[in-house]
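Each residue of the sequence shown is one higher than the last, beginning at 0 in numbering that gives the first Met the number 0.
Ideal Cβ placement from N, Cα and C applies to all residues, glycine included.
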Amino acid sequence: MDWGFVHKTWDKWASTNIGPRLPLKAALLVNFDPTIHENWFSARCINTSKPAGEGAIVMQTAAYILVALYEGSIGPASCAMAAADQLTAQLGRKNL
């Protein structure tokens with residue numbers, strides 16, 4: 000496991016994708032035992048406190064699970080998916 004690469008990649012990716020007015024409001028990268036059969040899962044929630052909705056994207060790499068949270072409708076969901084996919088692609092290049 001190349002922890003240095005993962006840390007550097009996470010810091011660079013998170014600084015441009017997580018925060019106010021950015022695609023994601025939060026994200027979590029978890030080291031895991033790859034026993035999940037699907038590569039990603041997305042869920043949306045719409046309620047009265049956030050009428051535009053909010054959602055979570057869960058993506059699997061060879062060594063990690065990424066949980067990315069976003070607020071908004073289809074446009075923000077697409078931006079969030081692109082941001083999450085960007086990190087998983089970068090990790091995938093190192094088979095992480």
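Distance between beta carbons of residue j and residue i, contact taken as under 8 Å
{"i": "C78", "j": "P19", "result": "Not a contact, Cβ separation roughly 14 Å."}
{"i": "T87", "j": "M58", "result": "5 Å"}
Pairwise C-alpha distance: residue j and residue i
{"i": "I35", "j": "A25", "result": "With a pLDDT of only 47 at I35, under 50, the local geometry of the prediction cannot be trusted, and the value read off the model is given with reservation. Whole-angstrom Cα-Cα distance: 22 Å."}
{"i": "A51", "j": "L68", "result": "14 Å"}
{"i": "T161", "j": "A62", "result": "With the chain running from 0 to 95 in the structure shown, residue 161 is simply not present."}
{"i": "N94", "j": "G71", "result": "32 Å"}
Buried or exposed by the 16-neighbour rule on C-beta atoms within 10 Å, applied to residue i
{"i": "L27", "result": "exposed"}
{"i": "I73", "result": "exposed"}
{"i": "A81", "result": "exposed"}
{"i": "W2", "result": "exposed"}
{"i": "G54", "result": "buried"}
Delimiting residues of the beta strand (DSSP E) encompassing residue i
{"i": "L95", "result": "First-last for L95: undefined, no H or E at that position."}
{"i": "G71", "result": "Counting along the chain, G71 falls outside any beta strand (DSSP E), and DSSP gives it neither H nor E."}
{"i": "A55", "result": "E53 to Q59"}
Residue i, enclosing alpha helix (DSSP H) - first and last residue
{"i": "K24", "result": "K24 -> no alpha helix (DSSP H), and no H or E assigned at all."}
{"i": "A13", "result": "W2 to N16"}
Residue nearest to residue i in terms of C-alpha spacing, selected from the options
{"i": "A76", "options": "R92, V66 and I56", "result": "I56"}
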